[in-house]
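The sequence shown maps to residues -18 to 208 in the working numbering. Ideal Cβ placement from N, Cα and C applies to all residues, glycine included. Please read the structure below before turning to the comments.
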Amino acid sequence: MAKGKVTKSKKIIPAESQTKPAGDNLTNSFMSLTDKIVAFRPDKRTYVVLIILGILLLAFYKKSLFIAATINGTPITNLELQLKLNEQFRTQTLNQLINEKLILSEASKHNAIPNAQDVDKKITDLESSVGGKDALDSLLTQQGQTRSGLREQVMVQLAITKLYESEATVSAAEVTKFIDANKQMLKATDSASQEKEAYDTIKNQKLSQIFSEKFQQLKQTAAVKIF
C-alpha cells in the first residue's frame, strides 16, 4: 500500500497579532504623545501653579527684582523702597517729569529736539571741564545721579537752547561792559578767552530769563492732570 504524502497545515496568524517593527512602535508612541499634547487643555489650577513656579524662579535667580537689601537676614523689598520714595519725593519728581515732557513736546513742535551727537558732545565737554570721564562719574555718584539721568538733563538743556537761542542776542557792547565789571572774577586770562567767557555767560543769563518767561506761558496753556 502506497504511503500517502502528509501535508502539514499552515497556521495563519492574524495581521493585528503579528509583531510590528520597532520603528513603527516608536512612531505610534510619538504620534500618541503629540495628540495628547495638542489635546491638552490646562485648567485654572494649572495656570496658578505655573504662575507660582515662575515667581519662585524669578525670586531665586533675580532676587534684586524683589529685594533691595537685607538687614540681619530681614529683607527690605523693592515695593517698600518704592512706596517710601513715592511718599517722600513724589511731588518733586513728578513736577520735574512734567516740566521735561512739556519742554521736549514744545521742542518737537519746532523741530528743536537735539540729536544723539549733540548730547554726546555736550557730555564730552562736561567730562573735560571736570577732569575726565572718571571724575564726572564720581561727581554723579556723589550727587546721586546716573549717566542716563545726565543724558536726559542735557537733552532738555540743549532743547531749551535750540528753542530760544535766537532771541538771546548778545552785542559787543554788552560783552565789553561785562568784562569791565567782572574782570577779577573771570577765569580766562587772555583777551579772546575773556570775550568768549563773557559772551557765554551773558547768553546763558538771557536764555535763562527768556525760558523762565516762556515756560510759565507754556505751562499755563498745557492740559496737565495730576492723579
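{"query": "Classification of F70 by the beta-carbon crowding that lies within 10 angstroms, buried from 16 upward", "result": "exposed"}
{"query": "Pairwise C-alpha distance: S172 and N96", "result": "33 Å"}
{"query": "Beta-carbon gap between A93 and L144 smaller than 7 Å", "result": "yes"}
{"query": "Alpha carbon of E(-3) to alpha carbon of I33, nearest angstrom", "result": "In this prediction, E(-3) has a pLDDT of 49, which is less than 50 and means its spatial position is unreliable; what the coordinates show is noted afterwards. About 47 Å."}
{"query": "Distance, E178 Cα to E216 Cα", "result": "Outside the displayed range of the chain (-18 to 208) lies residue 216, so it cannot be described from this structure."}
{"query": "For A49 and N59, the rounded distance between their alpha carbons", "result": "5 Å"}
{"query": "Burial state of M166, where buried means 16 or more other Cβ atoms lie within 10 Å", "result": "exposed"}
{"query": "T214, enclosing alpha helix (DSSP H) - first and last residue", "result": "This structure leaves residue 214 out entirely; the chain is present only between -18 and 208."}
{"query": "E87 beta carbon less than 7 Å from that of L199", "result": "yes"}
{"query": "Helix, strand or coil at A140 according to DSSP, with G and I counted as helix", "result": "helix"}
{"query": "Limits of the unbroken beta strand (DSSP E) element including T51", "result": "I48 to I52"}
{"query": "Reduced DSSP secondary structure (H/G/I, E/B, other) of T55", "result": "strand"}
{"query": "Option nearest I191 by Cα separation, candidates S147, A169 and S152", "result": "S147"}
{"query": "Member of Q73, V156, Q138 and V151 whose CA lies at the smallest distance from the CA of V100", "result": "Q138"}
{"query": "Residue interval of the alpha helix (DSSP H) (run including Q126)", "result": "Where Q126 is concerned, there is no enclosing alpha helix (DSSP H), given that its DSSP letter is neither H nor E."}
{"query": "Three-state secondary structure assigned by DSSP to A(-4)", "result": "For A(-4), the pLDDT reaches just 49, beneath the cut-off of 50, and the residue's location in the model is therefore unreliable, leaving the point undetermined."}
{"query": "Q201 to D181 span [Cα, whole Å]", "result": "30 Å"}
{"query": "Delimiting residues of the alpha helix (DSSP H) encompassing A169", "result": "Looking at the DSSP string, A169 is not in any alpha helix (DSSP H), and its letter there is neither H nor E."}
{"query": "Assigned secondary structure, S109 (DSSP; H/G/I helix, E/B strand, else coil)", "result": "helix"}
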